[in-house]
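What follows is one structure encoded as structure tokens, with my remarks underneath.
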Amino acid sequence: MFVDSHCHIAGAEYDADRDDVISRARDAGVGTMLNVGTGDPHSGAFERAVELAETHPDIYAAVGVHPHDAKLFDDRAEQRLLVLAKQSRRVIAWGEIGLDYHYDHSPRDVQREVR
Numbered sequence: 004m005f006v007d008s009h010c011h012i013a014g015a016e017y018d019a020d021r022d023d024v025i026s027r028a029r030d031a032g033v034g035t036m037l038n039v040g041t042g043d044p045h046s047g048a049f050e051r052a053v054e055l056a057e058t059h060p061d062i063y064a065a066v067g068v069h070p071h072d073a074k075l076f077d078d079r080a081e082q083r084l085l086v087l088a089k090q091s092r093r094v095i096a097w098g099e100i101g102l103d104y105h106y107d108h109s110p111r112d113v114q115r116e117v118r
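Written out as structure tokens, the structure is:
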């Protein structure tokens, strides 16, 4: 059995064939997937990741603000992340988080402040 430790299958690009993608992964021996809900913290990406995890017993969710989107992080986003993590046993990790100094889509000082 394999574990996919980082996938993005709750995004709109998979709306047409998400179930097929999940089925193919299972057929290939993937027994567990960690779907990462990331992006604009106000886009609903976190909620979509958790919703997907709650409807599939072999999918879990990670939620977090990617460094590229750090400039969009605010108190409301932080509270949403905390609520989702507390409300759902399917949220098992923080991600996608960290520092990205290669592209600098968000200022470095802002990236360091997002916790």
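Here the working numbering runs 3 ahead of the position in the sequence shown, where the first position is 1. Built from N, CA and C at the ideal position, the CB exists for glycine as well. Since the structure is predicted, the reported quantities are computational estimates derived from the model, not experimental observations.
Excluding five sequence positions before and after D7, the CB atoms of its chain that fall closer than 8 Å to its own CB belong to A28, V33, T35, M36 and L37, given in chain order. Of L85, R115 and E57, the smallest CA-CA separation from K74 is found for R115.
Check the Cα spacing between K89 and each of D112, D22, A64 and Y17: the tightest is with A64. With distances taken between CA atoms, G67 lies nearest to A80 out of I12, A80, E57 and P60. By DSSP's assignment, F5 forms a beta bridge with V33.
Restricting attention to H9, F5 and R21, the CA atom closest to the CA of H59 is found in R21. Rounded to whole angstroms, the Cβ separation of L87 and V94 is 6 Å, and the two are in contact under 8 Å. Contact check for V117 against F76 passes: the beta carbons are separated by less than 7 Å. Rounded to whole angstroms, the separation of the alpha carbons of R111 and E57 is 35 Å.
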